[in-house]
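Residue numbers (UniProt numbering), protein chains in the order written: chain A, 1 to 503; chain B, 1 to 524.
Data first, discussion second: the structure below is written as structure tokens.
As structure tokens, then:
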């Protein structure tokens with residue numbers, strides 16, 4: 001019957017390169033397996049599901065490797081609407097590995113808490129599938145679908161702590177502002193389609209260039225603002241602190257690393273492939289966003305006493321650093337360096353921030369508190385965790401020789417490579433901000449090293465094995481990326497778009 | 001292979017050996033304190049051994065050239081390489097850092113400051129050593145930056161955890177100041193990189209090509225570096241972190257800070273800022289000189305106002321580093337020779353003074369000058385060592401301090417041609433007055449703490465009733481003279497102060513060719 005339908009519609013199935021979309025297929029299959037298995041597994045065996053989720057992600061990483069090693073060059077599917085180029089391969093690898101670490105972070109937490117387990121993993125995997133799709137989408141429609149695919153499960157995950165008002169608030173806030181952002185973006189996209197008569201990004205590029213009419217300017221501004229919500233850039237960041245604080249901690253880790261990275265992937269894709277011609281519009285816009293995001297994020301973080309909330313503002317500020325080079329992306333020959341710095345920053349930020357969330361999970365298992373003060377004296381009774389936490393915090397602050405410095409460094413380098421006055425000014429703002437940032441990262445270090453243990457409770461911290469593994473992976477990655485920064489930069493360097501300026 | 005590249009492993013081994021010790025210590029349980037100390041000390045000694053071996057291999061006839069040069073790929077994407085080498089300027093500082101670390105380790109044997117935990121304390125010290133040594137041998141700006149920053153965290157924790165009452169404030173202040181400086185310095189490094197054609201971060205390359213940058217741009221890039229290095233030196237008005245950091249740091253931290261860390265700043269000026277940006281250096285020189293002499297006078301007046309011995313020594317550092325910067329600001333070979341010598345001399349003398357201050361604090365549990373007194377009677381050796389260091393510090397001829405101070409003042413008489421002679425001669429006069437003030441505050445310190453009778457509260461013989469004396473016995477029972485560990489830790493410094501004072505040529509013949517090579521880039 002289906003074939004007759006096809007015959008009537010005169011529809012020919014496009015040739016599909018299954019190798020190219022194998023990661024997505026594996027994750028989709030994993031979702032089905034978890035969903036079905038959840039129905040038949042007894043409550044006490046639900047831990048199996050996290051194992052399945054973890055292996056799904058590792059399994060999906062295999063085709064990413066084979067794609068990376070094949071020298072076929074970029075693979076383009078569906079008339080160039082879905083492209084597997086070096087950029088998307090690097091980002092897919094990053095998403096899968098960070099998701100794997102997040103699974104490790106979640107496992108014990110979800111098991112021990114009062115959570116729906118099966119659905120948690122289904123939603124998590126769905127969101128990751130959306131991210132994988134995002135890296136390859138080169139069409140307004142597929143970008144939008146991918147964005148919603150990754151966001152909607154995340155809205156639900158944010159509210160995953162049952163009967164907890166804060167968690168519900170987190171979910172609702174995230175949902176409302178997220179939908180609002182989608183609407184704004186979609187409106188901009190409709191305008192883009194209206195003027196260019198194409199949803200294909202590369203098709204847009206030709207139309208959005210030269211002298212820009214008001215409607216084109218408006219379209220670009222709306223799209224950028226929509227993404228600014230997704231990456232929680234100031235002044236569109238207001239949802240982030242509440243959502244981060246209310247959501248279960250592993251979900252917060254997921255939102256602040258993977259979800260945010262996906263937002264940046266989408267933003268960079270649109271800017272580089274679709275509207276490079278409108279750089280006169282988006283460069284100043286992003287300049288302002290970046291300067292505001294860094295400064296406001298840092299200053300607000302200084303005032304926080306809850307560590308998750310502090311990390312929420314810190315992640316806003318870090319987002320500002322990722323945005324910073326984009327403000328000069330079209331100046332001179334800087335586009336390649338800018339893309340490299342964004343990818344590099346995302347890689348080191350993922351390793352470091354996930355590690356820090358792992359620390360928070362480990363410590364809060366003992367202290368049952370999210371206050372910065374609960375870290376008091378950590379180094380004296382748990383030197384291993386304390387030393388690791390110091391490494392992560394120092395890396396977030398961008399202190400060599402830990403991973404974070406190369407992210408900051410490449411961001412500065414990209415901004416200065418443009419050689420414009422605005423670039424220099426932004427670099428100086430960034431430099432000052434990196435000092436402010438130490439104020440609150442250093443504050444946590446001070447608690448750990450120099451303050452007494454609250455309540456004098458110096459019983460050791462029992463870290464479950466998956467969490468240990470996650471801390472090990474992120475800790476080693478943070479150190480290795482800092483000492484051999486060439487690794488992260490290398491991935492940043494090869495991650496180029498097939499059809500973009502500078503690419 | 002070129003002779004200058006022979007044995008080029010010695011620098012890498014000398015720099016990273018402490019980290020091997022750290023690795024071993026990580027696997028030793030925290031409770032095994034003696035073993036921790038032993039491993040740390042052996043590591044430091046082995047590192048110094050490599051350093052001494054480097055000294056024997058060093059070709060002194062070609063001290064002006066980089067030796068033991070090694071260069072391999074590191075971050076090829078941004079054109080930065082692992083590029084190291086050592087010349088006559090780096091060598092004394094490189095060895096100084098190793099010597100100081102060993103001495104501090106010996107001193108730590110029975111002086112682990114509260115709250116204990118020698119494992120963490122010694123590990124931080126070894127990491128610090130790697131950072132310091134690495135900074136002096138880096139021939140690549142990014143590598144330099146990484147090492148330069150590597151010392152921050154260990155020092156932050158050392159002050160913050162093992163420091164005095166106000167340690168948390170002091171450590172944060174130290175960190176924020178330094179980080180602010182180095183953030184701007186990094187921006188300046190990058191700007192320099194792009195303005196020279198984005199070819200390489202190698203220091204020799206940038207020295208070769210930096211001069212071609214337009215003067216206006218140079219002045220701005222120099223400004224960024226200036227802030228980075230001036231905070232570290234520290235120059236007036238960026239010095240305010242120093243008295244706090246020094247006063248609050250544990251003795252070991254103060255010694256390392258004074259003896260080596262401050263030199264990272266002055267070294268940066270000589271190795272990086274000035275030769276790379278010669279036009280800017282000439283533009284900036286009068287202002288650097290001005291800030292230097294302000295630092296000399298301000299530091300000296302600050303000393304006179306102090307009531308705390310350690311804080312007084314800290315302010316004297318501001319003054320002494322002012323002399324070093326004055327020498328640098330003349331941009332002459334003569335001035336820079338004096339500056340490098342001054343760096344080493346200040347490292348030996350002030351490091352020694354902080355050791356003494358630490359030991360005084362251990363015995364009297366206070367550093368308040370008004371409460372001390374009669375040390376020569378009560379602890380004669382310690383008292384005489386203090387006196388000796390005070391003499392050395394005020395620049396007595398025949399001791400090392402003289403050769404840092406006096407030529408620096410003299411060099412201001414004739415700065416590099418093109419710089420205003422009048423200005424620098426005024427600086428010279430002011431700096432000379434600074435030496436008088438230095439004599440005043442140091443002798444006054446010595447007089448108040450060492451002369452006279454020991455104070456009653458510390459068991460000095462007074463007209464007090466005998467009963468009262470007994471009552472206080474517990475309080476002063478630990479006032480004893482210099483211990484064996486202290487003698488072992490201090491003797492090398494004391495010998496060094498005399499040796500370099502009597503035979504300054506040991507150092508000058510090493511420094512001079514290297515300085516000459518740098519001065520040629522600024523047309524001197």
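No residue lacks a Cβ here, since even glycine has one placed at the ideal position from N, Cα and C.
What you are looking at is a predicted structure, and each value in this text was computed from that prediction instead of being measured.
Item	Value
Length at least 4, wholly inside the segment 147 to 204 of chain A: the alpha helix (DSSP H) runs in chain order	165 to 196
Local conformation of residue 334 (chain A) per DSSP, three classes	coil
Cutoff 8 Å: residue 470 (chain B) Cβ touching any chain A Cβ	At residue 470 (chain B), the pLDDT of 45 sits below 50, so the modelled position is not reliable; the number obtained from the coordinates is stated separately. Chain A, which has no Cβ nearer than 8 Å to the Cβ of residue 470 (chain B), makes this no.
Range covered by the beta strand (DSSP E) that runs through residue 257 (chain B)	Neither: residue 257 (chain B) is in no beta strand (DSSP E) and is coded neither H nor E.
Minimum Cβ-Cβ distance from residue 495 (chain A) to chain B less than 8 Å	no
Helix, strand or coil at residue 303 (chain A) according to DSSP, with G and I counted as helix	coil
Residues near residue 17 (chain B) in its chain [Cβ-Cβ closer than 7 Å; skip 5 each side]	43, 46, 47, 50
Closest residue to residue 237 (chain B) among B:94, B:411, B:297 (Cα-Cα distance)	B:297
Classification of residue 449 (chain A) by the beta-carbon crowding that lies within 10 angstroms, buried from 16 upward	buried
Under 8 Å (Cβ pairs) to chain B, residues found in the segment 416 to 429 of chain A	416, 417, 419, 424, 427, 428
Simplified DSSP assignment, three categories, for residue 389 (chain A)	helix
Chain-ordered residues of the segment 274 to 306 of chain A with a beta carbon less than 9 Å from chain B	none
Residue 492 (chain A), buried or exposed, once every other Cβ within 10 Å from all chains shown has been counted against 16	buried
Enclosing beta strand (DSSP E) for residue 82 (chain B) [first to last residue]	80 to 86
Contact check, residue 368 (chain B) vs residue 435 (chain B), beta carbons under 8 Å	no
Euclidean distance between Cα positions of residue 348 (chain A) and residue 196 (chain A)	37 Å
Pair within 8 Å by beta-carbon distance, residue 364 (chain B) and residue 202 (chain B)	no
For residue 207 (chain A), the three-state DSSP class (helix, strand or coil)	helix
Proximal residues of chain A, C-beta to C-beta of residue 533 (chain B) below 7 Å	In the structure displayed, chain B extends from 1 to 524; residue 533 (chain B) sits before or after that span and is not available.
Rounded separation between residue 146 (chain A) and residue 98 (chain A) - CA only	18 Å
Where residue 97 (chain A) sits in the DSSP three-state scheme	helix
Contact residues within the segment 58 to 86 of chain B, judged by C-beta distance below 9 Å to chain A	73, 74, 75, 76, 77, 78, 80
Contacts of residue 145 (chain B) in chain A (Cβ-Cβ under 9 Å)	400, 405, 409
Beta-carbon spacing of residue 207 (chain B), residue 276 (chain B) below 8 Å	yes
For residue 72 (chain B), the three-state DSSP class (helix, strand or coil)	strand
Residues from the segment 310 to 343 of chain A in contact with chain B, defined by Cβ distance under 7 Å	none
Contact belief for residue 396 (chain A) with residue 356 (chain A) at Cβ below 8 Å, rounded distance in angstroms	7 Å
Residues bridged to residue 83 (chain A) [DSSP beta-bridge criterion]	A:76
8 Å Cβ cutoff, residue 557 (chain A) in contact with chain B	Outside the shown range of chain A (1 to 503) lies residue 557 (chain A), about which nothing can therefore be said.
Cβ-Cβ distance between residue 64 (chain B) and residue 85 (chain B) below 8 Å	no
Helix, strand or coil at residue 419 (chain B) according to DSSP, with G and I counted as helix	strand
Where residue 32 (chain B) sits in the DSSP three-state scheme	coil
Proximal residues to residue 243 (chain B) (C-beta, below 7 Å), its chain only, five neighbours per side dropped	311, 314, 315
Neighbourhood of residue 502 (chain A) by C-beta distance below 6 Å, restricted to the same chain and skipping five residues each side	Only weak support is given to the placement of residue 502 (chain A): the predicted model assigns it a pLDDT of 41, under 50, and the question is left unresolved by the model.
Complete alpha helix (DSSP H) runs within the segment 121 to 156 of chain B (minimum length 4 residues, chain order)	141 to 150
Residue 442 (chain A): contacting residues in chain B (beta-carbon distance under 7 Å)	172, 175
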